[in-house]
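Residue numbers (full-length UniProt numbering): 1 to 365. The beta carbon of each residue, even a glycine, is placed where N, CA and C say it ideally should be.
Put into structure tokens, the structure is as follows:
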């Protein structure tokens, strides 16, 4: 994986945005185009053309979704409240001290023994974003899976480079297992979920659970996961200038998140190339057509199958990276959340103790 070149000038950045617009918009469906148009109108710059501090300020795709809703005369906060999912901010104890987390609980009476749990890791290239940015995804999963979702924060780069986020992710999962009863959860029914960089964290937690002495999760939901270090895959070539994630943006994330080229040989980053995936729990892998990460997501599903893991894989046409949390305005996001919720609900009904691999079947939905 090559490191990004020097900072672009403003005309170069504008040129890339135009290229992204022409390449992405032609293939995006109507709902997706509406969000991307709004994101551009809010002044979003291509990732990799600004400093870390400027990039963290946004605007984000989540901001664009809220703006689209407001244009339609809808109140984003009221829509979230109507989902019937409550939330509570908590903290877990990580390697560097207390870290933020948020517990999303579905409406209704908790099952005997407590609610099943999904530990969720947000995206952002290990550099940007937070619990708020990905709240729509976490709430959607809580509703669709009828489970508690614990969305956990982790240390960000470049302040805390690899493997800090991975260490926090493992600690957070272990903390949830030990403390599930404190927020109404059932510690025997716990799954993992993550988007983008968070998908990478989720599968690495499952690997750590297999290698260590703590409970294997019941399931892994991996949403357009970062799974490799090859930036010359077919989907990178097809979507080099895509919105909201481009090849340059991914290079920028890697440059900020890692300590150098040697980190790219680590199996925690090059999962498809170097990780041992045998003995992992069943997985659901979701990818997006207009996404540089699509090829490695499919490669991960194939490698999991080859390792004997039961895998369900689904690619969504006409949508981009980050689409999953856009259910209020993107029809395929609503479908993806319902699909993911069904997969999680079925796995959690069996419990973590039975979340072992069995046969390596791949089902493409």
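Taking C-beta separations shorter than 7 Å and ignoring five residues to either side along the sequence, the partners of residue 89 in its chain run 100, 102, following chain order. Taking C-beta atoms under 8 Å as the contact rule, residue 252 and residue 48 qualify, at a distance of about 4 Å.
Separation of residue 40 and residue 94 (C-alpha to C-alpha, rounded to the nearest whole angstrom) is 37 Å.
Put simply, the region 313 to 324 does not touch the region 258 to 266. Fewer than three CB pairs are less than 8 Å apart.
Separation of residue 67 and residue 142 (C-alpha to C-alpha, rounded to the nearest whole angstrom) is 24 Å. In this structure, the straight-line span from the alpha carbon of residue 46 to that of residue 187 is close to 41 Å. By the 16-neighbour rule on beta-carbons within 10 angstroms, residue 211 is exposed.
When secondary structure is reduced to three states using DSSP, residue 192 falls in the strand class.
Exclusion of the five residues before and after residue 153 leaves 99, 100, 101, 130, 131 as the residues of its chain whose Cβ lies within less than 7 Å of its Cβ. No residue range can be given for residue 216, since it is assigned to no beta strand (DSSP E) and is classified by DSSP as neither H nor E. As computed with DSSP, residue 102 is found in a beta bridge with 89, 151. Secondary structure note for residue 329: it is in no beta strand (DSSP E), with a DSSP letter that is neither H nor E.
Residue 289 sits in a strand when the DSSP states are folded into three classes. Going by DSSP, residue 115 is part of the beta strand (DSSP E) stretching over 115 to 121. Take residue 220, set aside five residues on each side of it, and the residues of its chain with a beta-carbon closer than 8 Å to its own are 191, 192, 193, 202, 203, 206, 280, 281, 282, 283, 284, in chain order.
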